[in-house]
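Asker: Before I ask anything, here is the structure I am working with.
Protein chains in written order, with my numbering: chain A, 1 to 141; chain B, 142 to 282; chain C, 283 to 423; chain D, 424 to 564.
Laid out in structure tokens, this is it:
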């Protein structure tokens, strides 16, 4: 049975603000990475495990829509969902929530493929059925 | 007649690399902003002019597709196009070129609206016809 | 009686690494700011309080000595001490610890003055004796 | 005879500003690296050459004193000097100038040693006398 995923939380940093006194839009792409690292560890595919078996998840694309801006010291919570997982590729979907009011601050996606150390594509289902199952369990149907 | 736009050029920085020895994907979103600032200055809508008349261009969305990775000290050239300009909103399209081989390293888009100092939407055609024309001249038909 | 300060902790992020597969040295200066924000909140001088009374702490200088490098996903702990507090100026001293082995990864300092909204220097002892006492309590003798 | 070094120049970026509408102090440490890369290339010790012979220059320490703040789109010029060059270690000194008014915005230093690919210290005078001479020529007496 799949484990319940805890959203990734942290405060925004002063150095992430810009001259409009809001969080600069580029930081959301970095937060997606922080949340993804945390999420992958929770589903059982930690960075250490990825390193050990020689699989990595390069970013093929990233996008973000900005809905309500954030300010310095806001507590945020990021929820993730896996979409379109094929064992070759997957899309991760993100929602950035402002904890103070529950507003969705931004939504976004990153697209990934699975590659080995030589950057060659991997078929998880065939090569790593156990990891395939991990992701399959957490993929939105 | 519209002026020819010079692509934005610079080298990648060491601090923009990551542990894969490639440029971290989040930096492209920042480069889009650098190139946009330069582009707007070339079309006659410099940051100083925007400040003076109290118009700004918040980012509503940003996306990037990564095609060929870049490394430290690569010389890049960024070409921009305005798309879907309505006087209320516009999309800017970006191509990041690796100058050494001419490869398209990445393509992306940012979506913007025009607002005044109170963050209220502006209708350029009605309120600033001269600026409307500037953007209209550079919009891809 | 003064409250015991809890060190600031977090993991290093992937986007903070560089092509040597270590954390880029510039990030430590940013971590000092994160730890300082957390520390000031703990001593009773939160960012919200600073905003309310109109006092801020610009950075006059920053320095860092790098002792043992850090890698992606390392858990770090940052301890702070106030030094040379005069009510006009102060120095904050930082130690970045690698939690896995207890090694001191880096030490550093930031120098600050106290200013009001017009960026004019403030004498805390005279103008804000209560805040003067807060800092005095936590200053290394 | 030694070549005259051209200062490193560029504009500040929007994403380098913070909520005080000034350039965030951490960016100066990154600019020092940009200016250093450019400087080393000018003295004849480019990144490509370093890679080829397997010598690198890790940062042992970095510091910056902030004198006059900078804002978005300011044109800056960074001048470098080598100090305390011993063939084992060296200090690089930086001055960040605001081109619009000639003000010194900040001064700083970075400390380095010379190491090989295994991160073992190198004695330039003995192992690479030609490179030793390059640095010696540009060291402030």
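All residues carry an ideal CB built from backbone N, CA and C; glycine is no exception.
With DSSP collapsed to three states, give me the class of residue 361 of chain C.
Answerer: Residue 361 of chain C falls in the strand class under three-state DSSP.
Asker: Work out the CA separation of residue 26 of chain A and residue 188 of chain B for me, nearest whole Å.
Answerer: Those two C-alpha atoms are separated by around 19 Å.
Asker: In terms of residue numbering, what span does the beta strand (DSSP E) encompassing residue 158 of chain B cover?
Answerer: Careful: residue 158 of chain B lies outside any beta strand (DSSP E) and carries neither H nor E.
Asker: Residue 221 of chain B to residue 497 of chain D, Cα distance in whole Å?
Answerer: If I take the Cα positions, the gap works out to 23 Å.
Asker: Does residue 67 of chain A come out as helix, strand or coil in the three-state DSSP assignment?
Answerer: Residue 67 of chain A falls in the coil class under three-state DSSP.
Asker: Which chain A residues sit within Cβ distance under 7 Å of residue 207 of chain B?
Answerer: Here the neighbours are 59, 60, 61.
Asker: Give the straight-line distance between the Cα atoms of residue 463 of chain D and residue 8 of chain A, rounded to the nearest whole angstrom.
Answerer: Each residue's alpha carbon lies about 42 Å from the other.
Asker: State the start and end residues of the unbroken beta strand (DSSP E) segment that holds residue 422 of chain C.
Answerer: Neither: residue 422 of chain C is in no beta strand (DSSP E) and is coded neither H nor E.
Asker: Starting from residue 19 of chain A, find everything on chain D with Cβ-Cβ shorter than 9 Å and list it in chain order.
Answerer: Those are 437, 440, 441, 442, 443, 444, 445, 494, 495, listed as they occur along chain D.
Asker: What's the call for residue 157 of chain B, buried or exposed, on a 16-neighbour Cβ count within 10 Å?
Answerer: Residue 157 of chain B is buried by the Cβ-count criterion.
Asker: Just checking: is the beta-carbon of residue 469 of chain D within a distance shorter than 9 Å of some beta-carbon in chain A?
Answerer: For residue 469 of chain D, the answer is no, since every Cβ of chain A falls outside 9 Å of its Cβ.
Asker: Which value, in whole angstroms, describes the spacing of the CA atoms of residue 139 of chain A and residue 67 of chain A?
Answerer: If you take the alpha carbons of residue 139 of chain A and residue 67 of chain A, they lie about 25 Å apart.
Asker: Please report the distance separating the alpha-carbon of residue 398 of chain C from that of residue 233 of chain B.
Answerer: Computed Cα separation, rounded: 40 Å.
Asker: According to DSSP, is residue 263 of chain B helix, strand or coil?
Answerer: Correct three-state label for residue 263 of chain B: coil.
Asker: Are the C-beta atoms of residue 272 of chain B and some chain A residue less than 9 Å apart?
Answerer: Not one chain A Cβ lies under 9 Å of residue 272 of chain B.
Asker: Between the C-alpha atoms of residue 535 of chain D and residue 388 of chain C, what's the straight-line distance to the nearest angstrom?
Answerer: Roughly 15 Å between the two C-alpha positions.
Asker: Pick from A/14, A/69, A/121: whose alpha carbon is nearest that of residue 318 of chain C?
Answerer: Among A/14, A/69, A/121, the Cα nearest to that of residue 318 of chain C is on A/14.
Asker: Just checking my contact of residue 487 of chain D with residue 369 of chain C at CB under 8 Å: how many whole Å lie between their CB atoms?
Answerer: The Cβ separation is near 25 Å, so there is no contact.
Asker: Just confirm the distance between the C-beta atoms of residue 508 of chain D and residue 456 of chain D, as a whole number of angstroms; I'd bet it's less than 8 Å.
Answerer: So it is not a contact: roughly 19 Å between Cβ atoms.
Asker: Do you know how far the Cα of residue 71 of chain A is from the Cα of residue 416 of chain C?
Answerer: About 26 Å.
Asker: For residue 528 of chain D, return the contacting residues in chain A, with the cut-off set at a CB-CB distance below 8 Å.
Answerer: Result: empty, since nearest Cβ-Cβ is about 17 Å, beyond 8 Å.
Asker: With distance defined between alpha-carbon atoms, name the residue in B/266, B/223, B/249, B/143 nearest to residue 172 of chain B.
Answerer: Cα-wise, what sits closest to residue 172 of chain B is B/249.
Asker: Residue 175 of chain A CB to nearest chain C CB: under 9 Å?
Answerer: Nothing can be reported for residue 175 of chain A: it is not among the residues displayed for chain A, which extend from 1 to 141.
Asker: Within 10 angstroms of the Cβ of residue 242 of chain B, are there 16 or more other Cβ atoms? Answer buried if so, exposed if not.
Answerer: Exposed is the call here.
Asker: According to DSSP, what are the bridge partners of residue 110 of chain A?
Answerer: A/62, A/92, per the DSSP bridge assignment.
Asker: Given 8 Å as the limit, tell me if residue 153 of chain B has its C-beta closer than that to any heavy atom belonging to the ligand COA.
Answerer: Absence of the ligand COA from the depicted structure is noted, as is the absence of any ligand whatsoever, leaving it without description.
Asker: Please confirm if residue 84 of chain B has its CB atom under 9 Å from at least one CB of chain D.
Answerer: A query on residue 84 of chain B cannot be resolved here, the shown segment of chain B reaching from 142 to 282 and no further.
Asker: If you reduce the DSSP assignment to three classes, tell me which class residue 450 of chain D lands in.
Answerer: Of the three classes helix, strand and coil, the one that applies to residue 450 of chain D here is helix, per DSSP.
Asker: If we count the other Cβ atoms within 10 Å of its Cβ and call it buried at 16 or more, is residue 6 of chain A buried or exposed?
Answerer: Counting Cβ neighbours within 10 Å, residue 6 of chain A comes out exposed, since fewer than 16 surround it.
Asker: Can you look up residue 429 of chain D in the DSSP assignment and give me helix, strand or coil?
Answerer: If DSSP states are grouped into helix, strand and coil, residue 429 of chain D belongs with coil.
Asker: Whose Cβ in chain B lies nearer than 9 Å to the Cβ of residue 117 of chain A?
Answerer: Chain B residues near residue 117 of chain A: none, gap ~11 Å exceeds 9 Å.
Asker: Quick one: give me the first and last residue of the alpha helix (DSSP H) that residue 193 of chain B is part of.
Answerer: From DSSP, the alpha helix (DSSP H) with residue 193 of chain B extends over 188-194.
Asker: Look at the alpha carbon of residue 341 of chain C and the alpha carbon of residue 392 of chain C, and state the distance between them as a whole number of angstroms.
Answerer: Taking the straight line from one Cα to the other gives about 7 Å.
Asker: With a CB to CB cut of under 6 Å and the five nearest residues on each side skipped, what residues in its chain are close to residue 184 of chain B?
Answerer: Around residue 184 of chain B: 275, 279.
Asker: Nearest-angstrom Cα distance between residue 433 of chain D and residue 193 of chain B?
Answerer: Cα-Cα distance, rounded: 23 Å.
Asker: Classify residue 119 of chain A: buried if its beta carbon has 16 or more other beta carbons within 10 angstroms, exposed otherwise.
Answerer: Exposed, because fewer than 16 other Cβ atoms sit within 10 Å of the Cβ of residue 119 of chain A.
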